[in-house]
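Structure record follows, encoded as structure tokens.
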Amino acid sequence: MNKTAILYHSHHHGNTKKVLDAIAAQEDVDLIELPGGEHTDLSGYDILGFASGTYKGEFHPAVTYFIRQYKPAHGQRAFVLSTHGGKKESAEEEVKELLEQVGLPVIGCWSCRGFDTYGPFKLIGGIAKGHPNQADLEDAVTFFEEVEHH
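Going left to right, the sequence shown walks through residues 1 to 150 as full-length UniProt numbering numbers them.
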């Protein structure tokens with residue numbers, strides 16, 4: 001069995017953390033919050049997940065900064081998980097490219113909508129209300145199981 005950690009940042013409404021908590025409730029995974037977990041020894045992990053909400057189409061800087069500084073252990077692989085308010089944005093692709101640049105092959109990407117009240121969305125009471133919902137959470141667990149056995 002692979003040993004897996006997910007490094008994440010969840011802000012505003014906690015959408016990303018809600019998804020990660022659903023995964024952690026059913027699977028053996030260590031959740032490491034950024035900023036704060038930068039000095040955790042990750043050399044014993046086979047798979048690293050990187051998770052964030054998207055903010056103006058980008059992952060939170062705490063996550064992307066960590067990736068840029070990271071020196072992977074031999075054989076480590078990565079996956080990307082994100083939540084987004086509006087349409088699916090290019091944040092995943094940018095993070096995937098960063099991971100591959102530092103030597104972490106990406107074995108999967110997953111995202112779902114999340115409640116968002118940023119900027120003008122606040123004026124209309126937010127978008128993607130109720131997300132992530134139960135179906136999103138179940139889908140996230142299924143995705144995790146697939147990458148865990150990759």
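Backbone N, C-alpha and C define an ideal beta-carbon position, used for all residues, glycine too.
Note that the structure is predicted; figures quoted are calculated from it, not measured.
Contact belief for residue i with residue j at Cβ below 8 Å, rounded distance in angstroms
{"i": "residue 48", "j": "residue 69", "result": "Incorrect: roughly 13 Å between the Cβ atoms, too far for contact."}
{"i": "residue 31", "j": "residue 24", "result": "6 Å"}
{"i": "residue 5", "j": "residue 29", "result": "7 Å"}
{"i": "residue 66", "j": "residue 7", "result": "6 Å"}
Same chain, Cβ closer than 6 Å to residue i, five either side skipped, listed in chain order
{"i": "residue 1", "result": "none"}
{"i": "residue 64", "result": "none"}
{"i": "residue 79", "result": "49, 107, 108 and 147"}
Through-space distance from residue j to residue i, alpha-carbon basis
{"i": "residue 84", "j": "residue 90", "result": "11 Å"}
{"i": "residue 40", "j": "residue 149", "result": "24 Å"}
{"i": "residue 34", "j": "residue 55", "result": "15 Å"}
{"i": "residue 143", "j": "residue 37", "result": "24 Å"}
{"i": "residue 72", "j": "residue 137", "result": "29 Å"}
CB contact below 9 Å: residue i versus chain D
{"i": "residue 108", "result": "Among the protein chains of the structure shown there is no chain D, as only one such chain exists."}
Residue environment, residue i, which counts as buried when at least 16 other CB atoms sit within 10 Å
{"i": "residue 102", "result": "exposed"}
{"i": "residue 17", "result": "buried"}
{"i": "residue 135", "result": "exposed"}
Residue from the options with nearest C-alpha to residue i
{"i": "residue 109", "options": "100, 98 and 82", "result": "82"}
{"i": "residue 10", "options": "50, 29, 26 and 45", "result": "50"}
{"i": "residue 52", "options": "3, 135, 106 and 95", "result": "95"}
{"i": "residue 15", "options": "80, 144 and 132", "result": "132"}
Chain-order list of residues whose beta-carbon lies under 8 Å from that of residue i (same chain, five-residue window excluded)
{"i": "residue 100", "result": "106"}
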